[in-house]
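Numbering (this note's numbering), first residue to last: 44 to 111.
First up is the structure itself, then whatever we jot down about it.
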Amino acid sequence: MSRQVKIIFASLFIILGVILIATTVIGGGDLKAGSVENTGYDLSTILLWSGFGSVGISAFLFVLAGKN
Numbered sequence: 044m045s046r047q048v049k050i051i052f053a054s055l056f057i058i059l060g061v062i063l064i065a066t067t068v069i070g071g072g073d074l075k076a077g078s079v080e081n082t083g084y085d086l087s088t089i090l091l092w093s094g095f096g097s098v099g100i101s102a103f104l105f106v107l108a109g110k111n
């Protein structure tokens with residue numbers, strides 16, 4: 044991957060991560076599905092960890108882009 048592509052993907056991942064974290068935290072975090080509420084399935088937890096993962100991937104891509 045070229046440096047420009049890494050920076051573009053890193054920027055997209057950081058935007059996605061911030062959106063996922065913000066919607067989970069600001070939205071109140073009450074996103075349990077009604078049909079699977081008894082199983083402990085919590086969409087807000089999945090979205091929150093996906094957001095943190097996306098931010099981590101973007102940081103990794105920014106570091107790789109800086110080494111070129």
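Each residue gets a CB set at the ideal place from its N, CA and C atoms; glycine is no exception.
Please report the Cβ distance between residue i and residue j, rounded to the nearest whole angstrom; I am assuming they are in contact, meaning their Cβ atoms lie under 8 Å.
{"i": "residue 95", "j": "residue 51", "result": "Wrong, their Cβ atoms sit about 21 Å apart, outside the cutoff."}
For residue i, which residues from the same chain have a beta carbon less than 6 Å from its beta carbon, with the 5 sequence-adjacent residues on both sides left out?
{"i": "residue 104", "result": "49, 52, 53"}
{"i": "residue 93", "result": "63"}
{"i": "residue 91", "result": "67"}
Can residue i and residue j be called in contact, C-beta distance under 9 Å?
{"i": "residue 60", "j": "residue 87", "result": "no"}
Does residue i pass the burial test, meaning 16 or more other C-beta atoms within 10 Å, or should it be called exposed?
{"i": "residue 45", "result": "exposed"}
Suppose the cutoff is 8 Å on Cβ atoms and the five residues either side in sequence are ignored; what does the same chain contact list for residue i look like?
{"i": "residue 56", "result": "97, 98, 100, 101, 104"}
Using C-beta distances below 7 Å, list every residue in its chain close to residue i, excluding the 5 sequence neighbours before and after it, in chain order.
{"i": "residue 108", "result": "46, 49, 50, 53"}
{"i": "residue 106", "result": "none"}
Just checking: is the beta-carbon of residue i within a distance shorter than 9 Å of some beta-carbon in chain B?
{"i": "residue 105", "result": "Checking the listed chains, one finds no chain B in this structure; it contains a single protein chain."}
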